[in-house]
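Right, one structure below, let's go through it.
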Amino acid sequence: MKPKILYLMEYPIDLPGGAQLSTRAICDPLSKEGEYEIVVVCPELLKSKKSDYAFRVETYPMGEKRLPNLRLRIKAFREIIAAEKPSLIHIEMSESLITYGFIRRHFPLLPYIYTDRGMYFGYRLRSRLFMMPVLKRAAALVTTTEKNATLWREHTAIRPVETIPNTISPLFETFEPEKKKTSGKLVIGFAGRVCEEKDWDAVPELVRELKKAGIDFFVDLVLSVFEPGDAEVVEKLCGGLREIMGAENFRYRQDLSQEEMSDYYYGVDLFVMTSRFESFGKAAVEAMSRKCAVLATAVGGLPEVVGKEEALYDKEEPSGFVEAVRRFAGDREALMKEQSFFLERYRSLYKSDRYVSRHKELYKRILGGA
35 MKPKILYLME YPIDLPGGAQ LSTRAICDPL SKEGEYEIVV VCPELLKSKK SDYAFRVETY
95 PMGEKRLPNL RLRIKAFREI IAAEKPSLIH IEMSESLITY GFIRRHFPLL PYIYTDRGMY
155 FGYRLRSRLF MMPVLKRAAA LVTTTEKNAT LWREHTAIRP VETIPNTISP LFETFEPEKK
215 KTSGKLVIGF AGRVCEEKDW DAVPELVREL KKAGIDFFVD LVLSVFEPGD AEVVEKLCGG
275 LREIMGAENF RYRQDLSQEE MSDYYYGVDL FVMTSRFESF GKAAVEAMSR KCAVLATAVG
335 GLPEVVGKEE ALYDKEEPSG FVEAVRRFAG DREALMKEQS FFLERYRSLY KSDRYVSRHK
395 ELYKRILGGA
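Residues 35 to 404 in this note's numbering are what the sequence shown lists, from first letter to last.
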């Protein structure tokens, strides 16, 4: 009888999000390989059907209020785990970890692991108070960057702490050279969801500095809109960029699918991240996979993901950013060399086969000593 791995989530697997995509990146290939039986436990699906997935999906009802949802999750997790009798539990989200803490005593011999896709210092004190007792009994804590692993080791007694770098959608796996833009005006890309962490207010300021420096370029902006008030952010940002650059040097698109994002990056020469905080930096990896040069702020996990000090800049001192862009705008050979560096970095560190193999090694080690 093959081992069964149960994945616990507090959001539907078909809700767009990094944790959901990363979970699918493990579950899809493992299900197809057939070595493990894979079951994802999550709230009711939004649009897709359970039959759409290569793995089995078990759902539970959820409302809109936090405390009633906790009670629903406690009941659902306990009943589903008891019925499924898994060999291993992989907890993918923090609320699910807290929920499991309330029922762990009912499954004293069942090994479990938790993936922290954020940063140690990103949790509120109350969350940590609930999380720490559960993590002390975990078979492993998994982080997506070594920086975050170091934070957990320095500030807690949680062991072992494993680092498995994140991956991106399989749609980005294959690079098609004929699709890549190779000449013309430098295209600078900005993309992400509308949120405070991305610091979209910095984009017009950086663009203004580039225009003052006399650099000729085009801006291609893609945003994802989720919350009330996001439309106002978009309107202000796009209006400011058109004023600085002229409409002929600017393009805006919204809420692109993963397939459309894959094509978007092919048209970008230089991808820029202005984030105040990034636990990992998935957009940077997506850009790398499409042979974009990358410039990013030195925050969170980005320095580790980017892996090149010259590709980091300080928004408070934009002269370094301007000089980097000037070099790429004026030297196509330097740009192509930088693009090749990042494509190879993606291939060596962040492809899904490496991501899956690291998880398989971890699962086998835990199950072998369970």
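Note that CB positions come from ideal geometry on N, CA and C, so glycine has one too.
The model shown is predicted, which means the values in this text are computed figures rather than measured ones.
To the nearest angstrom, report how far apart residue i and residue j are at their CA atoms.
{"i": "Arg388", "j": "Leu271", "result": "38 Å"}
{"i": "Gly226", "j": "Ser258", "result": "6 Å"}
{"i": "Val256", "j": "Thr179", "result": "26 Å"}
{"i": "Gly335", "j": "Asp150", "result": "13 Å"}
{"i": "Ala117", "j": "Ala174", "result": "24 Å"}
{"i": "Pro337", "j": "Gly248", "result": "29 Å"}
{"i": "Tyr300", "j": "Leu159", "result": "42 Å"}
{"i": "Gly341", "j": "Lys109", "result": "44 Å"}
{"i": "Thr197", "j": "Thr177", "result": "5 Å"}
{"i": "Leu106", "j": "Thr93", "result": "11 Å"}
{"i": "Ala53", "j": "Tyr148", "result": "12 Å"}
{"i": "Ser121", "j": "Pro238", "result": "52 Å"}
{"i": "Met35", "j": "Leu401", "result": "14 Å"}
{"i": "Leu220", "j": "Met166", "result": "48 Å"}
{"i": "Glu372", "j": "Val339", "result": "15 Å"}
{"i": "Pro253", "j": "Ile278", "result": "For the sequence presented, residue 253 should be read as Val rather than Pro. Cα to Cα, Val253 sits roughly 11 Å from Ile278."}
{"i": "Asp62", "j": "Val390", "result": "10 Å"}
{"i": "Leu79", "j": "Arg276", "result": "39 Å"}
{"i": "Gly152", "j": "Pro204", "result": "22 Å"}
Which partner residues of residue i appear in the DSSP bridge assignment?
{"i": "Ser85", "result": "Paired residues: none, contrary to the question."}
{"i": "Ser353", "result": "None; Ser353 has no bridge partner."}
{"i": "Gly52", "result": "The partner list for Gly52 (beta bridge, DSSP) is empty, contrary to what the question assumes."}
{"i": "Met35", "result": "Partner(s): none; Met35 has no beta bridge."}
{"i": "Ile123", "result": "Leu40, Tyr146"}
{"i": "Phe305", "result": "Gly223, Val328"}
{"i": "Tyr406", "result": "Given a span of 35 to 404 for the chain in the structure shown, any question on residue 406 remains unanswerable."}
Classify residue i as buried or exposed, calling it buried when 16 or more other Cβ atoms lie within 10 Å of its own Cβ.
{"i": "Leu163", "result": "exposed"}
{"i": "His140", "result": "exposed"}
{"i": "Gly223", "result": "buried"}
{"i": "Asp348", "result": "exposed"}
{"i": "Thr216", "result": "exposed"}
{"i": "Gly315", "result": "buried"}
{"i": "Pro77", "result": "buried"}
{"i": "Phe155", "result": "exposed"}
{"i": "Ser323", "result": "buried"}
{"i": "Glu312", "result": "buried"}
{"i": "Leu143", "result": "exposed"}
{"i": "Leu101", "result": "exposed"}
{"i": "Pro262", "result": "exposed"}
{"i": "Phe376", "result": "buried"}
query: Does the region 42 to 50 touch the region 115 to 130, meaning 3 or more C-beta pairs lie closer than 8 Å?
result: Yes: at least three Cβ pairs fall under 8 Å.
- request: Could you name each continuous alpha helix (DSSP H) segment of 4 residues or more that falls completely within the region 216 to 284, going from the start of the chain to the end?
  value: Unbroken alpha helix (DSSP H) stretches of 4 residues or longer found wholly inside the region 216 to 284: 236 to 246, 264 to 279, given in chain order.
Complete runs of the alpha helix (DSSP H) confined to the region 334 to 390 [at least 4 residues]: Qualifying alpha helix (DSSP H) stretches, in chain order: 336 to 340, 353 to 364, 366 to 383.
message: At 4 residues or longer, what runs of the alpha helix (DSSP H) sit wholly inside the region 125 to 160?
response: Taking only runs of at least 4 residues, the alpha helix (DSSP H) segments lying wholly in the region 125 to 160 are 128 to 137.
- prompt: Are at least three pairs of beta-carbons, each pair with one atom in the region 342 to 362 and one in the region 238 to 246, less than 8 Å apart?
  reply: At 8 Å Cβ cutoff, the stretches touch.
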